[in-house]
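Chains as they are written, first to last, in the UniProt record's numbering: chain A, 1 to 85; chain B, 1 to 189.
Input: a single structure, listed below in structure tokens.
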């Protein structure tokens, strides 16, 4: 399934920010006193939420079990799934 | 509990249908040092490892499931348009007979995944050294697959996964040091 160009663009932006968050999470698990890293973590967490809100307005919910809002009708279950794009 | 996110951790693109590469990649899906083994190994160790490093095992174990999904996506994309004849030509005739196009947890040589791939020793240092070895073995496996692959899109994603093995290994080394420090501190008092 090929999605509009903007789908891939926005998704890649989210993947980039979320990668920083994953990597910082592991780093902070073993360096819990690094204040600069925690500041960067919180900043990226904010950026990630902003980007996801924008993505979800166009392409539907990203997160399961109520962490994203649903429109009507229920659209969480809609394709495409990540392996289909 | 876990919350699913409808995205891959890193984009997975393939240039063309290529069941031969899928046959090799399945090593990282259901092989001894593959992503399923990694995820189950770390998440299972969480319960009995000292609190100081539970978070790391929890978070690396969770990331491994994202890697498992990336590998599954690669295999799916490399085989979804293959004909039975193409699968057979790629050495996947026996696989096709048993599974059609379905994904199965097995290694590249066809052995099904088994819990004997993972240990649970209960000794934190022994468990963490197993984890470090597992990451290094997975890194090497990614390298051997990249060496056999001529698909630049696939290799881009594989290189991402190879780098993650290195980071995980480094974090596990740090976890060992954290536990050693704690042990030495206890001896002083």
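Where a beta carbon is used, it is the ideal one built from N, C-alpha and C, also for glycine.
Residue i by DSSP, collapsed to three states: which one?
| i | result |
| --- | --- |
| residue 21 of chain A | helix |
| residue 32 of chain A | coil |
| residue 91 of chain A | Within the shown structure, residues of chain A are numbered from 1 to 85, placing residue 91 of chain A beyond reach of any answer. |
| residue 124 of chain B | helix |
| residue 80 of chain A | coil |
| residue 112 of chain B | strand |
| residue 28 of chain B | helix |
Along chain B, which residues have their Cβ under 7 angstroms away from the Cβ of residue i?
| i | result |
| --- | --- |
| residue 30 of chain A | 56, 171, 174, 175 and 178 |
| residue 25 of chain A | 59 |
Anyone know if the C-beta pair for residue i and residue j falls short of 8 angstroms?
| i | j | result |
| --- | --- | --- |
| residue 41 of chain A | residue 7 of chain A | no |
| residue 179 of chain B | residue 50 of chain B | yes |
| residue 69 of chain B | residue 154 of chain B | no |
| residue 37 of chain B | residue 118 of chain B | yes |
| residue 6 of chain B | residue 32 of chain A | no |
| residue 17 of chain A | residue 63 of chain B | no |
| residue 29 of chain B | residue 72 of chain B | yes |
What residues of chain A sit near residue i, judged by a beta carbon separation below 9 angstroms?
| i | result |
| --- | --- |
| residue 10 of chain B | 15 and 19 |
| residue 72 of chain B | 83 |
| residue 166 of chain B | The contacting residues do not exist; residue 166 of chain B stays about 12 angstroms from chain A at best. |
Would you decide whether residue i is buried or exposed? Buried here means 16 or more other CB atoms lie within 10 Å of its CB.
| i | result |
| --- | --- |
| residue 82 of chain B | buried |
| residue 124 of chain B | buried |
| residue 103 of chain A | Because chain A is modelled from 1 through 85, residue 103 of chain A falls outside the range shown and cannot be assessed. |
| residue 39 of chain B | buried |
| residue 72 of chain A | exposed |
| residue 18 of chain B | buried |
Please list the partners that residue i has in chain B, where partner means a Cβ-to-Cβ separation under 8 angstroms.
| i | result |
| --- | --- |
| residue 62 of chain A | 5, 6 and 7 |
Residue i versus chain B: which residues are under 9 angstroms apart at the beta carbon?
| i | result |
| --- | --- |
| residue 67 of chain A | 3 and 5 |
* Would you list, in chain order, the members of the region 125 to 139 of chain B that have their beta-carbon closer than 8 angstroms to a beta-carbon of chain A? => none
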